[in-house]
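One structure is given here, and the rest of the page talks about it.
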Amino acid sequence: MATVSKKPRNREILFDSVIALVFILVACVDLCDGATVVDVYRLIQYDISGVPFGSRLASINHHAASLHFAPSADLSRTVLLIPLRELNMSFVQEYIGGSKPLGGLIFLLPQIFSFKNKGGASSNHDDGSKEPLKNVLDKLEQILIHTNLPYPVYFAFEDDNIDTVLLDIKKNDASGQPATATTGGYKFVVSATEPKKVGSPPITNIQGWLPGLKTDGDSHQLPTIAIVASYDTFGAAPALSVGSDSNGSGIVALLEVARLFSLLYSNPKTRGQYNLLFGLTSGGPYNYNGTRKWLQSFDQRLRESIDYAICLDSIGSWENDLWIHVSKPPENAFIKQILEDFSSVAEDLGFQVNLKHKKINISNPRVAWEHEQFSRLRVTAATLSELSTAPELLQSTGGLVDGRQFVNEAAIVRSVKLIAESLAKHIYGHQGKNVQIFADNSNLAVNPSYIRSWLDVLSRTPRVAPFLSKDDPFITALKKLEAFLLVSLVYSSKYFACLKELEDHTDEVNLQREVLDGMFTFYDSTTAQLNIYQVASVTFDLLLLLVLGSYLIVLFSFLVITTRGLDDLISLFRRPPSRKMKTA
Amino acid sequence: MTVFHFFNCAILTFGPHAVYYSATPLSEYDTLGTSIKAAVVYLATALVKLICLATFLKVSESDSFDPYQEFLKALIGFIDVAGLYFALTQLTHRNISQNHKFQAVGLGWAFADSVLHRLAPLWVGARGLEFTWEYILQGLEANANLVLSISLAGLGSLMWLRKNKPKTLIPIIYLCAGIVATMPSITSYLRRGLGWHLPKVVGFELFTSLVMAFISWQLFAACQRPSA
Chain A
155 MATVSKKPRN REILFDSVIA LVFILVACVD LCDGATVVDV YRLIQYDISG VPFGSRLASI
215 NHHAASLHFA PSADLSRTVL LIPLRELNMS FVQEYIGGSK PLGGLIFLLP QIFSFKNKGG
275 ASSNHDDGSK EPLKNVLDKL EQILIHTNLP YPVYFAFEDD NIDTVLLDIK KNDASGQPAT
335 ATTGGYKFVV SATEPKKVGS PPITNIQGWL PGLKTDGDSH QLPTIAIVAS YDTFGAAPAL
395 SVGSDSNGSG IVALLEVARL FSLLYSNPKT RGQYNLLFGL TSGGPYNYNG TRKWLQSFDQ
455 RLRESIDYAI CLDSIGSWEN DLWIHVSKPP ENAFIKQILE DFSSVAEDLG FQVNLKHKKI
515 NISNPRVAWE HEQFSRLRVT AATLSELSTA PELLQSTGGL VDGRQFVNEA AIVRSVKLIA
575 ESLAKHIYGH QGKNVQIFAD NSNLAVNPSY IRSWLDVLSR TPRVAPFLSK DDPFITALKK
635 LEAFLLVSLV YSSKYFACLK ELEDHTDEVN LQREVLDGMF TFYDSTTAQL NIYQVASVTF
695 DLLLLLVLGS YLIVLFSFLV ITTRGLDDLI SLFRRPPSRK MKTA
Chain B
17 MTVFHFFNCA ILTFGPHAVY YSATPLSEYD TLGTSIKAAV VYLATALVKL ICLATFLKVS
77 ESDSFDPYQE FLKALIGFID VAGLYFALTQ LTHRNISQNH KFQAVGLGWA FADSVLHRLA
137 PLWVGARGLE FTWEYILQGL EANANLVLSI SLAGLGSLMW LRKNKPKTLI PIIYLCAGIV
197 ATMPSITSYL RRGLGWHLPK VVGFELFTSL VMAFISWQLF AACQRPSA
């Protein structure tokens, strides 16, 4: 029989190889079709002087569980999906503080914390829950940042898809059947490469120069006033650290002050006898590393010409009083002058400015305020902030909770008025007189719509310095904007020509690129996509196999009985050798 | 784990063909060659069908049921019958009885159909992590299709190969063959015209295929009797 069927065999082989070819071709097309795909943002991974912090892994391939897991369950191969609304601190203490093994963590944040959430429409309807949630998230963020977690940790935002998944998972957990490989459920997959070190994190400082009116001699002989704000952020999720208040509000105020003064300086009659230096510095969360580099790059003459520097830090969500932080004693003449200027203007505007003195400890590497970097180089400086006490390292640096909806535009407008008026008082020597230069409705009024739109843009732009590339569009945009505000208005009415001339005017606005000092090391892969699969359990597959096997056996028996008769079937089992002959 | 599921679905989709071949006398008379020839004819027919579909049918943007288009599709579907006719009458392989010939042709036909239409989706889909019932249902559909193909081949062999059949049965044979040949159009109508879900459609297919198989069997037996 075998010889007879030789010819068909050959054909069979040909057919098989065709099938195999098709198999190989199809296997190359590896489709990734999850039931749900969710954007997730990874917890930051960084080292301070070689000590690891944050989430140390990026890829997930585990079953999911909710907070209602069985108390005795082994979670080392399980991803916990935790909505922020249900998070209790005892869990955080037990699992994160106690460093228990987990397969992974995914925190579900309410939509109000999303900067993609348009206009805060949803922030109105659950006002009551906003503040407690913010506090919880703030605490969680601080804990996560300062802990070494040997598993992947991600943040995601609530939406309908993931809510249904969460409901299902909870139902599973409640029925006492946690999802493991044998019971089915949901599988979470994040396919990410292993996080790599960000080589020499870049920091870029942007500086703008508004020269004062030269009466005789070089303009550099004129005294200089510096207005400085640090623009970068740090937070639990680098891709979500937009820092609307810290320090988006400072950037916006600086830009608006720059705009107002370039208007004044564009007219020779109102051009003051002070140079104005605007600095947007990077590296703020890391002890104002960028500020130090920027100052060190200064010419000695320039540094000495600085009368004083005003640093702006978190001025977007205050109610009745602002703080001026200084490191020189309040008896100092310059400090007195600054305080006098500010508090007299603040009185006119109807709020209070308080002075707070904090000595610098040179041996302590911690620099809590930006002005301390100036003070270390013996430049008089003060920080204007809504914070009454100095933040700790990596605290209030524009993390997860620092979103647009928690910033009050009116507060920024008032801050800008305060800064601009007191600077003008100093520059034009109007001390003691009640003059309002930037009065509402005048052409020098503070423009709330500029403030709003700049704030909106900043609140959509994550700005963690190590993850901003050298030629990041954001930095280029900031530079162009500052240049536009300063240069083009100086050469009034030639806006467009001046935009082209920008490149030549390195004297007016320029970028300074530096490398962050070695204490911090960062790791990449800040965003990923989470694929959620609904999977069947192994037991189901085994059962299915059993059912199919019995189906085929029944089918076989049925066919044998109907076509050859029952005896034939029985004889098959009696004489197995003959059966082999038949099939061959 | 997912390969396991793929394996299960593959057993369901292709297992019955193998079981049918080995359980029935087909394996004893070594009719594999006929089956393969039928499969080749099927491939050629499918190609012709594809060309016809591409030439005569508009690409419908919506998933709705358009009677005229569906009628055309059903007409093109009858190319299948022509292919089967060719396979049954023109392919004189070895001297195998009519009885085995139609089974071999139907088996090859159904197997080629399964490989062509179900293997690639199965390979791509059932290995994915996501679990759906779709591929199990597809496997069941393949079983129904096997039964229908063999029934159609059986009816075809009655129509074209058997000379001395009872006159009274001829219209019934033609009617049944017509029904079986239009089954794809009927299921397409159920799915898209009436919006039935896949499990319901597959259930219907299984049921009708068994009914048609029973009727064809009875017809075949009835034709066999006078000659036997």
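Taken in order, these protein sequences are the chains called A and B. So the first sequence is residues 155 to 738, counted in this note's numbering. So the second sequence is residues 17 to 244, counted in this note's numbering. Glycine included, every Cβ here is placed at the ideal spot set by N, Cα and C. The structure presented is a predicted model; accordingly, all values stated were derived computationally and were not measured.
(1) Specify, as a first and last residue, the run of the alpha helix (DSSP H) that Gly-211(B) falls within.
(2) Start and end of the beta strand (DSSP E) containing Thr-358(A)?
(3) In the DSSP assignment, what are the bridge partners of Tyr-687(A)?
(4) Taking the alpha helix (DSSP H) that Phe-88(B) belongs to, which residues open and close that run?
(5) Does the contact criterion of 3 or more C-beta pairs under 8 Å hold for the stretch 375-392 of chain A versus the stretch 694-704 of chain A?
(6) Closest Cβ-Cβ distance between Lys-341(A) and chain B: below 8 Å?
(7) What does the alpha-carbon distance come out to for the pair Asp-96(B) and Ser-268(A)?
(8) Buried or exposed for Asp-187(A), please, with buried defined as at least 16 other CB atoms from any protein chain shown within 10 angstroms of its CB.
(9) May I have the straight-line CA-CA distance separating Leu-547(A) from Ala-619(A), to the nearest angstrom?
(10) With a cut-off of 8 Å, does the C-beta of Phe-230(B) fall near any C-beta of chain A?
(11) Closer than 7 Å by C-beta to Gly-155(B): which residues in its own chain qualify, once you throw out the five before and the five after it? Chain order, please.
(12) Does any CB atom of chain A fall closer than 8 Å to the CB of His-133(B)?
(13) Look at Val-153(B) and Pro-215(B) and say whether their C-beta atoms are less than 8 Å apart.
(14) Hey, could you find the ends of the beta strand (DSSP E) Leu-431(A) is sitting in?
(15) Cα separation between Ala-390(A) and Asp-453(A)?
(16) Please name the residues in the stretch 26-49 of chain B whose beta-carbon is closer than 8 Å to at least one beta-carbon of chain A, in chain order.
(17) Tell me the DSSP bridge mates of Phe-207(A)?
(18) Using a Cβ-Cβ distance under 8 Å, would Leu-554(A) count as near chain B?
(19) Counting pairs of beta carbons, one from the stretch 203-220 of chain B and one from the stretch 228-236 of chain B, are three or more of them closer than 8 Å?
(20) In whole angstroms, what is the alpha-carbon distance linking Thr-224(B) and Leu-206(B)?
(21) Determine, using beta carbons only, whether Ile-260(A) and Leu-235(A) come nearer to each other than 8 Å.
(22) Which partner residues of Thr-681(A) appear in the DSSP bridge assignment?
(23) Counting only C-beta atoms, is Thr-693(A) closer than 8 Å to chain B at any point?
(24) Which whole-angstrom value is the C-beta distance of Trp-477(A) and Glu-526(A), which I expect to be below 8 Å?
(25) Starting from Asn-215(A) and walking both ways along the beta strand (DSSP E), at which residues does that stretch end?
(26) Pull up the distance between the alpha-carbon of Ala-70(B) and that of His-21(B), whole angstroms please.
(27) Please report the straight-line C-alpha distance between Val-570(A) and Thr-543(A), rounded to a whole angstrom.
(28) On the premise that Ile-460(A) lies in contact with Val-411(A), defined as a C-beta separation below 8 Å, what is that separation, rounded to the nearest angstrom?
(29) Is there a C-beta anywhere in chain B that falls below 8 Å from the one on Val-192(A)?
(30) On the three-state DSSP scale, how would you describe Glu-668(A)?
(31) Using the three-state DSSP reduction, which class does Trp-448(A) fall into: helix, strand or coil?
(32) Using the Cα positions of Leu-185(B) and Leu-235(B), report the straight-line distance between them to the nearest angstrom.
(33) Go ahead and pull the three-state DSSP assignment for Asn-597(A).
(34) When you check each C-beta in the stretch 86-102 of chain B against every C-beta of chain A, which residues fall closer than 7 Å?
(35) For the beta strand (DSSP E) that contains Ser-469(A), what are its first and last residues?
(36) Compare the C-beta of Leu-702(A) with all C-beta atoms of chain B and state if any pair is closer than 8 Å.
Once the coordinates are examined:
(1) Residue 211(B) sits at position 195 when you count from the first residue of the second sequence. Looking at the DSSP string, Gly-211(B) is not in any alpha helix (DSSP H), and its letter there is neither H nor E.
(2) By one-based count along the first sequence, residue 358(A) stands at place 204. 356-364 is the span of the beta strand (DSSP E), which, as asked, contains Thr-358(A).
(3) In the first sequence, the residue the question calls residue 687(A) occupies position 533. Lys-341(A).
(4) Here residue 88(B) refers to the residue found at position 72 of the second sequence. Here residue 88(B) turns out to be Leu, not Phe, going by the sequence shown. For Leu-88(B), the enclosing alpha helix (DSSP H) covers residues 83-93.
(5) no
(6) Residue 341(A) sits at position 187 when you count from the first residue of the first sequence. Chain B, which has a Cβ nearer than 8 Å to the Cβ of Lys-341(A), makes this yes.
(7) Translated into the one-based positions of the second sequence, residue 96(B) becomes position 80. Translated into the one-based positions of the first sequence, residue 268(A) becomes position 114. One C-alpha to the other measures close to 57 Å.
(8) Indexing the first sequence from 1 puts residue 187(A) at position 33. Model confidence at Asp-187(A) stands at a pLDDT of 47, short of 50, so the residue's coordinates are unreliable; what they give is reported in the following sentence. The residue in question, Asp-187(A), is exposed, as its Cβ has fewer than 16 Cβ neighbours within 10 Å.
(9) Taking the first residue of the first sequence as 1, we reach residue 547(A) at position 393. Taking the first residue of the first sequence as 1, we reach residue 619(A) at position 465. C-alpha separation (whole angstroms): 16 Å.
(10) Translated into the one-based positions of the second sequence, residue 230(B) becomes position 214. With 8 Å as the cut-off, Phe-230(B) does not count as an interface residue toward chain A.
(11) As a working note, residue 155(B) is residue 139 in the second sequence. So the qualifying residues of the chain are Cys-25, Leu-28, Thr-29.
(12) Locating residue 133(B) in the second sequence gives position 117, where the first residue counts as 1. Not one chain A Cβ lies under 8 Å of His-133(B).
(13) Walking along the second sequence from the start, residue 153(B) turns up at place 137. Walking along the second sequence from the start, residue 215(B) turns up at place 199. Looking at the sequence shown, residue 153(B) is not Val but Leu. Against a cut-off of 8 Å, the Cβ pair of Pro-215(B) and Leu-153(B) comes out as a contact.
(14) As a working note, residue 431(A) is residue 277 in the first sequence. Where Leu-431(A) is concerned, the enclosing beta strand (DSSP E) stretches over 429-435.
(15) The residue labelled residue 390(A) in the question sits at position 236 within the first sequence. The residue labelled residue 453(A) in the question sits at position 299 within the first sequence. In a straight line, the C-alpha of Ala-390(A) is about 37 Å away from that of Asp-453(A).
(16) Ile-27, Leu-28, Gly-31, Pro-32, Val-35, Tyr-36, Ser-38, Ala-39, Thr-40, Pro-41, Ser-43, Glu-44, Asp-46, Leu-48, Gly-49
(17) If you number the first sequence from 1, residue 207(A) lands on position 53. DSSP lists Tyr-200(A) as the bridge partner or partners of Phe-207(A).
(18) Mapped onto the first sequence, residue 554(A) falls at position 400. Taking Cβ atoms only, chain B never reaches closer than 8 Å to Leu-554(A), which makes this a no.
(19) With the cut-off at 8 Å, the stretch 203-220 of chain B and the stretch 228-236 of chain B do not touch.
(20) Position 208 of the second sequence, counting from 1, holds the residue named residue 224(B). Position 190 of the second sequence, counting from 1, holds the residue named residue 206(B). Near 13 Å, if we compare the C-alpha coordinates of Leu-206(B) and Thr-224(B).
(21) The sequence position of residue 260(A) within the first sequence is 106, counting from 1. The sequence position of residue 235(A) within the first sequence is 81, counting from 1. It is a contact, given that the beta carbons lie within the stated cut-off.
(22) Translated into positions along the first sequence, residue 681(A) becomes position 527. Answer is Tyr-195(A), bridged to Thr-681(A).
(23) By one-based count along the first sequence, residue 693(A) stands at place 539. Chain B contact via Cβ: absent.
(24) In the first sequence, the residue the question calls residue 477(A) occupies position 323. In the first sequence, the residue the question calls residue 526(A) occupies position 372. Under the criterion of beta carbons closer than 8 Å, Trp-477(A) and Glu-526(A) do not qualify as touching, at roughly 15 Å.
(25) To locate residue 215(A), count along the first sequence from 1; it is residue 61. Element bounds for Asn-215(A): 214-219.
(26) Reading the second sequence from its first residue, position 54 is the one you call residue 70(B). Reading the second sequence from its first residue, position 5 is the one you call residue 21(B). Roughly 35 Å separates the two Cα atoms.
(27) As a first step, residue 570(A) is located in the first sequence; it is residue number 416 there, counting from the start. As a first step, residue 543(A) is located in the first sequence; it is residue number 389 there, counting from the start. A direct Cα-to-Cα measurement between Val-570(A) and Thr-543(A) gives close to 22 Å.
(28) Indexing the first sequence from 1 puts residue 411(A) at position 257. Indexing the first sequence from 1 puts residue 460(A) at position 306. The pair is not a contact, with the Cβ atoms about 16 Å apart (cut-off 8 Å).
(29) What you label residue 192(A) is simply residue 38 of the first sequence in a count that begins at 1. At least 8 Å separates the CB of Val-192(A) from every CB of chain B.
(30) Looking up residue 668(A) in the first sequence gives position 514. DSSP places Glu-668(A) in strand when its eight states are reduced to three.
(31) Start at 1 with the first residue of the first sequence, and residue 448(A) comes out as number 294. DSSP places Trp-448(A) in helix when its eight states are reduced to three.
(32) The residue you call residue 185(B) lines up with position 169 of the second sequence. The residue you call residue 235(B) lines up with position 219 of the second sequence. If you take the alpha carbons of Leu-185(B) and Leu-235(B), they lie about 8 Å apart.
(33) On the first sequence, residue 597(A) is found 443 positions in, with the first residue counted as 1. Coil.
(34) none
(35) Sequence index remark: in the first sequence, residue 469(A) carries index 315 (1-based). Checking the sequence, you will find Ile at residue 469(A) rather than Ser. First-last for Ile-469(A): undefined, no H or E at that position.
(36) Reading the first sequence from its first residue, position 548 is the one you call residue 702(A). Leu-702(A) counts as touching chain B.
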